[in-house]
Amino acid sequence: MRLPIDPEVRERVERLELPWNDFGLDPYGVSKNYLGVYFTALRFFYRTYFSVESYGIDNVPKRGRVMLVGNHSGGFALDGIMVTGSMFFDMEPPRLVHAMAEKFLARLPFASGISSRLGHLTGLPAHAERLLADERMLMVFPEGSRGTAKLFRERYTLVQFGTGFMRLAMKMKTPIVPFAFLGGGEAVPTIANAVTLGKLLGLPYIPVTPWLVAFPLPAKLEVYYSEPMMFEGTGAEEDEVVARHVEAVKDRIARLIDIGRRRRKGEIVPLPTARRSQRSLEPEGRAR
Amino acid sequence: MRILVPGLAGRLGRMLAERLLQKGHDVIGIDRRPFRDAPSGVEMHELDIRKRAAEDVFRRVRPHAVIHMATVTHLLVESEDRYRINLGGTRAVFEHSAAYGVEHVVFVGRHTYYGAAADSPLFHVEDEPPVGISSFPQLADLVAADLYAGSALWRHPNIVTSVLRMVYTLGPTGHGTLAKFLRGARVPTILGYDPLFHFMHEQDFVDALVVAVDARPRGVFNVAGPRPVPLSVIISETGRTNVPLPGPLFSAALGRFGLPRLPRGALDHIRYPVTVDASAFVRATNYTYAFDEKATLRSYREAFPRPIAAA
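Keeping their order, the protein sequence lines are chains V and Y. Sequential numbering from 1 applies to the first sequence in this note's numbering. Sequential numbering from 1001 applies to the second sequence in this note's numbering.
What follows is the structure in structure tokens.
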């Protein structure tokens, strides 16, 4: 069965700088075909339904290993999905984001196969290190599933950050690009999380919205990328050293969220961390 | 060099014999199975590696190197029998090698050592423990033989031991676990799962052993050819029909409707990938493969075109 692939998407998939073989597969099993279908479906949501805006995308390195580290916003992986869209539709050349899939996904039929064909391997340290050593782009949400479980009133807050991502970045000598994701809380306003129901379905929980199911509203979604941060070390440092670095990243993301909130209210706030502030005030990807 | 090969009469052993002769080695084989039409130059002993007579061969021949291929890997042999052959045979190989001055022993193991599980990483590295064994106890003897061979690294420091964990083979002989799984016109898969499979061409498999004999790398090494490919692609590229079945139905249908037979534990190997990082072997030996994934699949399809259904 072949699903239709949008010509623009096809052209951008071709421009992804990945080592494809004759079957259109990379060494991890990422598939051109799957990417084509996925981004074709995402295109409508990214461009039209949510009209996602990417700010400060010049801060994201065009090549080489990098970790995108951001906040969770919205009751499920909406934020992650839109960041994959942001890197694919708004970067020149487009880049493939590798998310680390939740471990429960690996057991589910279809989900495991599809997510790995799209580059989202099971969240194991060995996978993260291998992808970075291969100069890929990794996306990390240090809040974990605590972060997606945020309720509507908590939508602009950050919960506790894990420290694994920082040890990984230090060990693999990888720059961190902090980003803030805004609007997920409005798109999927979670009023409660059904934990028991989720367990029955093999999920950590199921977000409940005022209209029960977590189908997202067409809220305005925005991604703010900040300048890369580099942390020296081996990744085997004492907890307090690592925790300090983690706080620095968390602060950067909190500031970005704050800036984004004020801009959403209509205030004119420059982006302090942008390298080319003039350009990055304009949303990327709209220029074309 | 004089090279002794327990298990020489197998399909891959025969290919190995020819390559070793081409390279000017003396080839001595030990196998319970007969090696009919063995090329001249091969000295063949039809006996069990665990028997007294096998030791006599070691004593008389005094081989420089031993390539131990006499492990039973297919799952149709009863487990207990396999245990005895695989562990007893491996023990005999190392004891005789130590007693009769063998310089280098190559143990030909399998990459299924690592097992298949939902939470196991892609591209296993050599120092990982065999965590997948709990779900597939039928493989325990192969894992034990692999670890036992590895223990020769400290038990017999005078012997250079190379433990090789080889990925599946595919090629014109149609021999091997994956090749047999693909033999029919319809290949069953588990609905919703499409794992990466790591395989190499038979000729590359044999070449890797020859390279190992030359380079004598000490230690445990994964050996692979081209990058792994999803099972669905393997099935379509070999001209077969993919028959995805829901998990429970799958177990019931095995062995019927022209589908291959498989033990229960093997199901995880059709759900989850077992892939290896073979870069250490390449660094130690400069090994390069000749057949890429496409050429390997093509050579299997040409030798075993899709069977025509019986009318």
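Virtual Cβ for every residue (Gly too), placed ideally from N, Cα, C. What you are looking at is a predicted structure, and each value in this text was computed from that prediction instead of being measured.
Compute the Euclidean distance between the alpha carbons of alanine 1009 of chain Y and aspartate 1268 of chain Y, then round it to the nearest angstrom.
-> 31 Å
Can you check DSSP and say which residues form a bridge with arginine 1186 of chain Y?
-> Y:Thr1241
For valine 1057 of chain Y, the first and last residue of its enclosing alpha helix (DSSP H) = 1052-1061
Just tell me which of V:Phe88, V:Arg262, V:Glu17 and V:Met67 has its CA closest to the CA of leucine 138 of chain V.
-> V:Met67
Based on Cα-Cα distance, which residue from Y:Arg1283, Y:Ala1224, Y:Met1069 and Y:Gly1265 lies nearest to histidine 1124 of chain Y?
-> Y:Ala1224
May I ask you to report which of helix, strand or coil DSSP gives tyrosine 28 of chain V?
-> coil
Is the shortest distance between the beta-carbon of alanine 128 of chain V and the beta-carbons of chain Y less than 7 Å?
-> no
Closest Cβ-Cβ distance between valine 1206 of chain Y and chain V: below 7 Å?
-> no
Count the other CB atoms within 10 Å of the CB of methionine 230 of chain V; is the residue buried (16 or more) or exposed (fewer)?
-> exposed
Inter-residue spacing [alpha-carbon to alpha-carbon] between proline 1217 of chain Y and lysine 62 of chain V | 40 Å
Buried or exposed for phenylalanine 161 of chain V, please, with buried defined as at least 16 other CB atoms from any protein chain shown within 10 angstroms of its CB.
-> buried
Kindly say whether leucine 124 of chain V, judged by its beta-carbon, lies nearer than 7 Å to any beta-carbon of chain Y.
-> yes
Verify the CB distance criterion: does arginine 107 of chain V have a CB-CB separation below 7 Å to chain Y?
-> yes
Once you ignore the five residues that flank proline 283 of chain V on each side, which residues in its own chain have a CB closer than 7 Å to its CB?
-> Since pLDDT at proline 283 of chain V reaches only 44, below the 50 mark, its modelled position is unreliable, and the value read off the structure follows with that caveat. Correct list, in chain order: Glu53, Ser54 and Tyr55.
Glycine 285 of chain V to tyrosine 224 of chain V span [Cα, whole Å] = Legend: pLDDT at glycine 285 of chain V = 40, less than 50; position of this residue unreliable, value from coordinates given subsequently. Roughly 13 Å separates the two Cα atoms.
So, using beta-carbon positions, are proline 94 of chain V and valine 177 of chain V closer together than 7 Å?
-> no
May I ask which residues mark the beginning and end of the beta strand (DSSP E) holding serine 1162 of chain Y?
-> 1160-1166
Minimum C-alpha distance to aspartate 58 of chain V - residue among V:Met87, V:Met100 and V:Gly24 | V:Met87
Cβ shell of leucine 281 of chain V (< 6 Å), same chain only, five flanking positions each side left out = Note that leucine 281 of chain V scores a pLDDT of 41, beneath 50, so its modelled location is shaky and nothing firm can be said.
Report the rounded CA-to-CA distance for valine 1210 of chain Y versus histidine 1045 of chain Y, giving the unit in angstroms.
-> 21 Å
Taking only runs of the alpha helix (DSSP H) that begin and end inside the region 61-140 of chain V, which ones reach a length of at least 4 residues, in chain order?
-> 78-89, 103-107, 111-117 and 125-133
Alpha carbon of arginine 244 of chain V to alpha carbon of valine 269 of chain V, nearest angstrom | 28 Å
Whole angstroms is fine: what's the gap from alanine 214 of chain V's alpha carbon to proline 189 of chain V's?
-> 8 Å
Start-to-end residues for the beta strand (DSSP E) that takes in aspartate 1031 of chain Y = 1026-1031
Among Y:Leu1191, Y:Val1233 and Y:Val1243, which one has its Cα closest to the Cα of valine 30 of chain V?
-> Y:Val1233
Output the distance between the C-alpha atoms of glycine 123 of chain V and glycine 1171 of chain Y, rounded to the nearest integer angstrom.
-> 35 Å
Answer yes if the region 1057-1072 of chain Y comes into contact with the region 1112-1124 of chain Y, meaning at least three C-beta pairs across the two stretches below 8 Å, and no otherwise.
-> no
Quick one: is alanine 17 of chain V buried, meaning 16 or more other Cβ sit within 10 Å of its Cβ, or exposed?
-> Contrary to the premise, residue 17 of chain V reads as glutamate rather than alanine in this sequence. When all chains shown are included, glutamate 17 of chain V counts as exposed.
Would you list, in chain order, the members of the region 1186-1215 of chain Y that have their beta-carbon closer than 7 Å to a beta-carbon of chain V?
-> Leu1191, Gly1192, Tyr1193, Asp1194 and Leu1196
Measure the CB-CB distance between glycine 1007 of chain Y and arginine 1050 of chain Y and report whether it falls below 7 Å.
-> no
So, using beta-carbon positions, are methionine 355 of chain V and valine 246 of chain V closer together than 7 Å?
-> Missing from the structure shown is residue 355 of chain V; chain V here goes from 1 to 288 and no further.
For valine 1072 of chain Y, collect the residues of the same chain with a Cβ closer than 7 Å to its Cβ; drop the 5 residues on either side in sequence, then sort them by chain order.
-> Arg1082, Ile1085 and Asn1086
In this structure, what does DSSP give as the bridge partners for asparagine 193 of chain V?
-> V:Pro207
Determine, using beta-carbon pairs with one atom in the region 1159-1170 of chain Y and one in the region 1105-1114 of chain Y, whether at least three such pairs fall under 8 Å.
-> yes
Is asparagine 33 of chain V near the ligand NAP, with its Cβ less than 6 Å from a heavy atom?
-> The ligand NAP is not among the ligands present in this structure, which contains no ligands whatsoever.
Could you pull out every residue in the same chain whose Cβ sits closer than 6 Å to the Cβ of glutamate 1293 of chain Y, ignoring the five residues on either side in sequence?
-> Pro1226 and Val1229
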